[in-house]
Structure formats: structure tokens, C-alpha cells
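A short write-up of the structure that comes next.
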Amino acid sequence: MIRHSLVGHGQEPHIPKAVIIGMPGAGKTRIGKEAASLMGVPFKDSDRIVEKDAGRSINEIFEAEGEASFRQRESRIVGDLLRDFDGGVLSLGGGAPMTASVYEALREYRNHGGKVVYLDVDPEEAKSRSLRVKNRPLLRGQTHEKWMELYRERRPVYQSASNISLKPRGTTPDVIAQRLADALSERVVHVSNLDPYDVRIGAGVTSRLQVLLGEEVMRVALIHTTPVQRHSDRARALLRQAGYQVVDMVIPDAEAGKTVAVAQGIWERLADEGFTRSDAIVGLGGGAATDLAGFIAASWMRGIRYVNCPTSLLAMVDASTGGKTGINLNQGKNLVGSFYTPVGVLADLRTLRTLPNDIFVEGLGEVAKSGFIMDSEILGILEEKAESLRSFDGNEPEQWLEGVVEDLIERTVQVKAHHVSVDLRDVGVREFLNYGHTLGHAIEKIEHFSWRHGQAVSVGMVFAAELASLTGHLDRDMVDYHRSLLSSLGLRTTWDGGDFDQVLALMHKDKKARGNKLRFIILDGIGKPTHLDDPPLDAVREAFGRIRSKA
28 MIRHSLVGHG QEPHIPKAVI IGMPGAGKTR IGKEAASLMG VPFKDSDRIV
78 EKDAGRSINE IFEAEGEASF RQRESRIVGD LLRDFDGGVL SLGGGAPMTA
128 SVYEALREYR NHGGKVVYLD VDPEEAKSRS LRVKNRPLLR GQTHEKWMEL
178 YRERRPVYQS ASNISLKPRG TTPDVIAQRL ADALSERVVH VSNLDPYDVR
228 IGAGVTSRLQ VLLGEEVMRV ALIHTTPVQR HSDRARALLR QAGYQVVDMV
278 IPDAEAGKTV AVAQGIWERL ADEGFTRSDA IVGLGGGAAT DLAGFIAASW
328 MRGIRYVNCP TSLLAMVDAS TGGKTGINLN QGKNLVGSFY TPVGVLADLR
378 TLRTLPNDIF VEGLGEVAKS GFIMDSEILG ILEEKAESLR SFDGNEPEQW
428 LEGVVEDLIE RTVQVKAHHV SVDLRDVGVR EFLNYGHTLG HAIEKIEHFS
478 WRHGQAVSVG MVFAAELASL TGHLDRDMVD YHRSLLSSLG LRTTWDGGDF
528 DQVLALMHKD KKARGNKLRF IILDGIGKPT HLDDPPLDAV REAFGRIRSK
578 A
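In our numbering, the protein residues as written are 28 to 578.
Below you can see the structure in the form of C-alpha cells.
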């Protein structure tokens, strides 16, 4: 057994740091305090700290010292708070971001990983609330016109200073507080390429759909499968609440949904509904569903806005990142497709609770792959938590999902983001992500896609390790480690279907093949993937024989 250090991974709580800004009357204090309580973190209000510093109320500060003195004091205190902030939620006064030094401090805070949340409240609602509070000296005798002028002046500054926007319109403060808590607890992996985007990982991140779609979108095609009905119902409700016209499109589950016939049916439906380039696609489901939805978005009118909402572990760690979209043909998997990046990915941990055990476990195949090719800390976590991961039933404590599983998803997505950011078109280092896939895809095809992808890739990694051993790249201990780790997770390491000639023919159709030459991804060691071009056929045959259960 190979051991890895777990220090710093899954051991310390993820403590959110956030600053809330917005108009007076937006509910910053109430919502911020409740969100902090939900997360069990401290809450601070800059107005209260300013009053404590001055030894008098804000009204009294304005009367005795004037607004300029108040802003100077506020700027100093907010600057100190942002520099020394050690986690929790901080609410700022409505006018604070309008001071240049505070605005720059917020931008610097964002650049160092902080979250600035703009509560984009309806101006009429905010005015009504703020006028009921006496401790707002700038709003005394405010006319409707002056209030709207203040709103129009401040809103662009709030938008520019923030990196999270929540709209508390038509809903209750406790609902917004929960959304805020969810947003602050999420992890974000940035994927940088020609069209950069973020993968957001956390409980409840589906509520960020409106932010990703934007205000210019009118209609949304929600493409999903029947098994994720509970999650599609929630997404549909969120979209309609935000004012979008939602067109529901249900497709067959798994690989049966990735066909030309299904794609054509969706295209015809979009045409009947009059979808244009100003509309959008939301794909919600496992990797097959999001592959199909992404391909529809890429091909409809040569590309429309797309949000990817993976609901399975496999989809979150694999199909969510990299912009690969596609459908299958009878001749092979993913032979028709395109590279098309979404505007964002929302990996909502709560969807994992409804996963059957076998579907969760198959996702661990792709997680382990990322550990083998780059991040050995993933392997350490898998070793440490193998028993609980293998027995996943959806009833695990929230802390387990937001600790162990969230760590694994984040680290795996980081591995994939690293490769796709430098090789979007899959012509170089991105091929390393296909470790275990050459045989894995052949197994899926021969088994008529009755095998889960992660299970097929698991056998494919054992095959690749055996081939690497036969060609002098890996020692036997590392081959045995592949078998023991993958088996401990409930993943398969042998396959008795098909025959060698059938498998060889499919390997020659693999997208990594060059002309008539086979090309494999193997390891020179943990975290050291490499290409193996046209190895001796006897070695390929022997490696294949070693993954047979009777070998």
C-alpha cells in the first residue's frame, strides 16, 4: 500500500469570507446575520463598529462632525476590517463602496479570494424599508426622484465591486440567507482558455443559474432526464421565479440520450419554439445528458448560451470541465461533437444524495484517474476514505459531503482544468486525461454501453498499468497498487467480454491513434503520464490477457 500525506486536505473546515454591499434597506444586516448563523461563522456590521469607535450613533456623528468626517472614519475602519478579516460575514453601510479607498480595498479583497456580495434589491422595496429606519441621516426628506438618482449612481459601483450578486426580489429574507450561505460555502475552480469560465462546487449552487444566464436571456430550454426529476423541478422553479420562459425537454437516460435521433428531436423542438441566439440551454443530469445538451447549444444557430448542471459524481469531475460535447454513433462513442465551453458549471452537492450507490462509485474511477496522472493527494484521500466512499448511500452527514466529497471533486476538477486550459482541442497534454480510456471505450462499445463509464475506465487503467510494466515503465508494485486501490473503492479491475482481435480493432479507432499506429497513455510513475506509441503487439496482447479474471 502506498501512503500519501493528507495534511491540509479535508481536515480543516472551509471558512467563508464575505462582504455584503447594497442600497440602504436591502436587508444586508438581517440577511448577513442569518446566513452567518446558518454557517456557524461570525457576523460583523461596519456601521455598528463605526458607532463603537466614535462613541456615538451615526446620526450624532453626522450632526457633530459632518459626512466627510464620517466617511473618513468609515474608510479607515473598513480598510482595517478587510485586511484583518479572518472569516465570516461583514456587512457594509450603503454608501461605503462609494468612497474610493473602500472601493479599492474591496477590489483588492476580491483579488485575494474574498467574496463581495451585492444584494441587488428592488429600489422601491429598499426605499420603503430604509425610510422606516431613523438611523439613516442621508435619507431624511428624500424624494422619490432623489432616491432613484442615488440608486442609479450606486448600482454600477456595487456591480463592479462585487463578484456575487443576489436578487432578494419576490422572496423572503430566510430564503435569501440560505442562498447566501450556499454561495459562500461553494468552491470555485477557474478554467482558463479562449472562453474562460468557473466550475462552482457546493450545496445549493443551482440557485446561481440566473446570474450565469443574465438578464438578456428570455427563454431557456431545460434539457434533462427523468431520473433527475427532483432536481429539474427545482431548476425550473428557480428559472421561472427569475422571469425566464422555460421549455422542458426530457431525453432518455444515459447513453441512450446521446444519439442523432434525440439531437434531431431537440433541434426540431427548438425550431418550433422559435429559439434564437438570444436564448439559452441548461443541461441538467449525468455526463451523457450534459454532453448532449452542450452539443445542442454548440450546434443551434452556431452556438447559444449554455449552463452545465451535472448531477452525478462522474459528470461533476469529468463531463463538467473541458468543453467537450457530443453524441454517439453505432460505430463508436463521441464520434460526432464539438468543443464548446459553457458560461459556467454548477456542481450542486445536494444532487449526489439521490444517486444510487453504483452510479456514485463509478464516478470514483475518474477521480482515481486524476490522482494517478497528476495529484497524488487524491489517492491518499481515496485510500483513507475508501470504505465510506464505497458504501455511499446518500444519507451521509452534510459535513462529509462538504468535506471529503467536495475536496475530491475540487481537486479532480483542478486536474482537468489544468490540462484543458493549455490544450482545449485535445492535441497534446490533454490526452493524458484519457488514461485508461483506450480499453475503457472499447469495453463500453462491446458491452453495448451496459457498463458504466467509470467502471470501464477502471479496468482500462489496470490494463494500461500492466502494459507499462511489460514495456519497462512501471514496476509490479505499482500495478498491484492500481488493483488494490480500485478494488477497495468498489471498482472493477477485470473484464472477460470480447476477444483480443475485436478489442484491437476498436483501439485502432481510438481518437489518440495516429494512422495505423496505436497510441496509449501510460505512467512512468504516479503523476508522470506519457505517450506510448505503437508498442509491440505481443505486449498489448499480454496486458489484455492479464485483465481477464481467469488470468
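All residues carry an ideal CB built from backbone N, CA and C; glycine is no exception.
Model, not experiment: these values are computed from the prediction.
Three-state secondary structure (DSSP) of residue i
{"i": "G398", "result": "helix"}
{"i": "N357", "result": "coil"}
{"i": "I29", "result": "Note on I29: pLDDT 45, under 50, position unreliable in the model; the coordinate value appears next. I29: coil per DSSP, three-state reduction."}
{"i": "G229", "result": "strand"}
{"i": "P563", "result": "coil"}
{"i": "N543", "result": "coil"}
{"i": "K154", "result": "helix"}
{"i": "V244", "result": "coil"}
{"i": "Y224", "result": "strand"}
{"i": "T557", "result": "strand"}
{"i": "Y271", "result": "coil"}
{"i": "G525", "result": "coil"}
{"i": "V215", "result": "strand"}
{"i": "L406", "result": "helix"}
{"i": "K44", "result": "strand"}
{"i": "G371", "result": "strand"}
{"i": "V144", "result": "strand"}
{"i": "E282", "result": "helix"}
{"i": "L265", "result": "helix"}
{"i": "L379", "result": "helix"}
{"i": "L531", "result": "helix"}
{"i": "L239", "result": "helix"}
{"i": "K60", "result": "helix"}
Span separating the alpha-carbon of residue i from that of residue j
{"i": "G312", "j": "D526", "result": "34 Å"}
{"i": "K396", "j": "P279", "result": "28 Å"}
{"i": "H41", "j": "K194", "result": "Note that H41 scores 45 on pLDDT, short of 50, meaning its location in the model is unreliable; the coordinates nonetheless yield the value given after this. If you take the alpha carbons of H41 and K194, they lie about 25 Å apart."}
{"i": "H217", "j": "D225", "result": "4 Å"}
{"i": "I191", "j": "Q205", "result": "14 Å"}
{"i": "H36", "j": "T198", "result": "Note that H36 has pLDDT 39, beneath the 50 cutoff, so the model's placement of it is unreliable and the number below is only indicative. So the two alpha carbons sit approximately 37 Å from each other."}
{"i": "R568", "j": "G390", "result": "28 Å"}
{"i": "Y145", "j": "I323", "result": "33 Å"}
{"i": "I408", "j": "E433", "result": "12 Å"}
{"i": "G398", "j": "S511", "result": "15 Å"}
{"i": "K472", "j": "M534", "result": "11 Å"}
{"i": "V34", "j": "D420", "result": "Confidence in V34 is poor, its pLDDT being 33 and thus under 50, which makes the residue's placement unreliable; the coordinate value appears in the next sentence. Roughly 27 Å separates the two Cα atoms."}
{"i": "P51", "j": "A374", "result": "33 Å"}
{"i": "D299", "j": "T352", "result": "23 Å"}
{"i": "V388", "j": "V344", "result": "13 Å"}
{"i": "A60", "j": "G321", "result": "Contrary to the premise, residue 60 reads as Lys rather than Ala in this sequence. Using only the alpha carbons, I get a separation of about 39 Å."}
{"i": "R214", "j": "H258", "result": "20 Å"}
{"i": "I85", "j": "P383", "result": "56 Å"}
{"i": "L207", "j": "L65", "result": "10 Å"}
{"i": "M505", "j": "H446", "result": "24 Å"}
{"i": "R332", "j": "L240", "result": "7 Å"}
{"i": "S128", "j": "P69", "result": "25 Å"}
{"i": "L265", "j": "V238", "result": "11 Å"}
{"i": "F571", "j": "G140", "result": "47 Å"}
{"i": "A492", "j": "R546", "result": "14 Å"}
{"i": "D306", "j": "V244", "result": "5 Å"}
{"i": "D560", "j": "I58", "result": "59 Å"}
{"i": "N461", "j": "I548", "result": "7 Å"}
{"i": "E53", "j": "T378", "result": "Here residue 53 turns out to be Ala, not Glu, going by the sequence shown. Between A53 and T378, the C-alpha separation is close to 31 Å."}
{"i": "N355", "j": "S347", "result": "18 Å"}
Range of the contiguous alpha helix (DSSP H) that encloses residue i
{"i": "D201", "result": "200 to 212"}
{"i": "F547", "result": "Taken as a continuous stretch (DSSP letters only), F547 belongs to no alpha helix (DSSP H), being part of the beta strand (DSSP E) at 546 to 550."}
{"i": "M50", "result": "Segment: none, M50 is in no alpha helix (DSSP H) and carries neither H nor E."}
{"i": "V184", "result": "171 to 188"}
{"i": "V431", "result": "First-last for V431: undefined, no H or E at that position."}
{"i": "L319", "result": "314 to 326"}
{"i": "A413", "result": "413 to 417"}
Bridge-paired residues (DSSP) for residue i
{"i": "R304", "result": "Bridge partners of R304: none, in fact."}
{"i": "K351", "result": "F366"}
{"i": "M579", "result": "Look at the range of the chain in this structure, 28 to 578, and you will see that residue 579 is not part of it."}
{"i": "L311", "result": "H251, C336"}
N-terminal and C-terminal residue of the beta strand (DSSP E) that residue i is part of
{"i": "I191", "result": "191 to 193"}
{"i": "R332", "result": "332 to 337"}
Uninterrupted alpha helix (DSSP H) stretches inside the region 433 to 505 (no shorter than 4 residues): Within the region 433 to 505, the complete alpha helix (DSSP H) segments of 4 residues or longer fall at 433 to 449, 464 to 473, 480 to 497, listed in chain order.
### Task
Kindly provide the ranges of any beta strand (DSSP E) runs that are 3 or more residues long and lie completely inside the region 63 to 141, ordered along the chain.
Within the region 63 to 141, the complete beta strand (DSSP E) runs of at least 3 residues are 70 to 72, 115 to 118.
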